[in-house]
């Protein structure tokens, strides 16, 4: 599965996107956050920020309890600040 | 019914002309133009000078989000034409960031739809702003005011 990071999540993790192979017990977005947090100290720091961030599964914005079963791509990003 | 994402600047007059040409039933065009400010007020007290900002987006997904927002406006109001142009990349204070145009036979729909589009665009389309300030680069945080403005348009 592909994981994408935007804005300060990309800066903190140091990667724009990466491929991950997930164990069977990683079934939701929150599980994925916990799993990725163990990937490197930079990931741990990015995801341990008190700051709020959002997620999208296959380009649809979701809540953290959403399933990632069969997902091709999960993205993490800060709240949008366009306009 | 057009959405454009581009690095380059836009000409407001030319865009209005292009939007309305050939549609004489249009009686009103409302425009919103967002500019880069040279000062960022955070939480009402902390002020930083802004030397430039860089707008990041999510290619493909940002365009889709803008098109969805535009389609929602089309559903809610009798609009003859709409245009959203959003720039990305590095911009300096005074530069134009975003243009929203709405056109309708009468002004009410154009005014309301324009306000709706900019309010929703700010919170529902994937863009992120990185500001260059004298004390270093800072990611712009989401504003409660913007969320409240977008929330006003949620259907009860």
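Protein chains in written order, with this note's numbering: chain A, 123 to 205; chain B, 238 to 393. Virtual Cβ for every residue (Gly too), placed ideally from N, Cα, C.
Hey, does residue i have any beta-carbon neighbour from chain A nearer than 8 angstroms?
i, result
"residue 369 of chain B", "no"
"residue 390 of chain B", "no"
"residue 364 of chain B", "yes"
"residue 360 of chain B", "yes"
"residue 263 of chain B", "no"
"residue 293 of chain B", "yes"
"residue 326 of chain B", "no"
"residue 355 of chain B", "yes"
Residue j and residue i - do their beta-carbons sit closer together than 8 angstroms?
i, j, result
"residue 324 of chain B", "residue 292 of chain B", "yes"
"residue 267 of chain B", "residue 347 of chain B", "yes"
"residue 306 of chain B", "residue 242 of chain B", "no"
"residue 300 of chain B", "residue 377 of chain B", "no"
"residue 359 of chain B", "residue 136 of chain A", "no"
"residue 295 of chain B", "residue 363 of chain B", "yes"
"residue 159 of chain A", "residue 170 of chain A", "yes"
"residue 148 of chain A", "residue 196 of chain A", "no"
"residue 341 of chain B", "residue 374 of chain B", "no"
"residue 194 of chain A", "residue 126 of chain A", "no"
Spell out whether any CB of chain B is found under 8 angstroms from the CB atom of residue i.
i, result
"residue 128 of chain A", "yes"
"residue 203 of chain A", "yes"
Buried or exposed, going by whether 16 or more other CB atoms sit within 10 Å of the CB of residue i?
i, result
"residue 186 of chain A", "exposed"
"residue 366 of chain B", "buried"
"residue 344 of chain B", "exposed"
"residue 262 of chain B", "exposed"
"residue 322 of chain B", "buried"
"residue 272 of chain B", "exposed"
"residue 200 of chain A", "buried"
Write down the C-beta distance between residue i and residue j rounded to the nearest angstrom, noting that I regard them as a contact closer than 8 angstroms.
i, j, result
"residue 198 of chain A", "residue 177 of chain A", "5 angstroms"
- Starting from the N-terminal side, write out each stretch of the beta strand (DSSP E) that is 3 residues or longer and does not extend beyond the stretch 318-374 of chain B. The beta strand (DSSP E) runs lying completely inside the stretch 318-374 of chain B and spanning 3 residues or more are 318-324, 326-328, 333-341 and 364-370, given in chain order.
- Taking the runs of the beta strand (DSSP E) that are 3 residues or longer, which of them lie wholly in the stretch 143-198 of chain A? The stretch 143-198 of chain A contains these whole beta strand (DSSP E) runs: 176-179 and 182-184.
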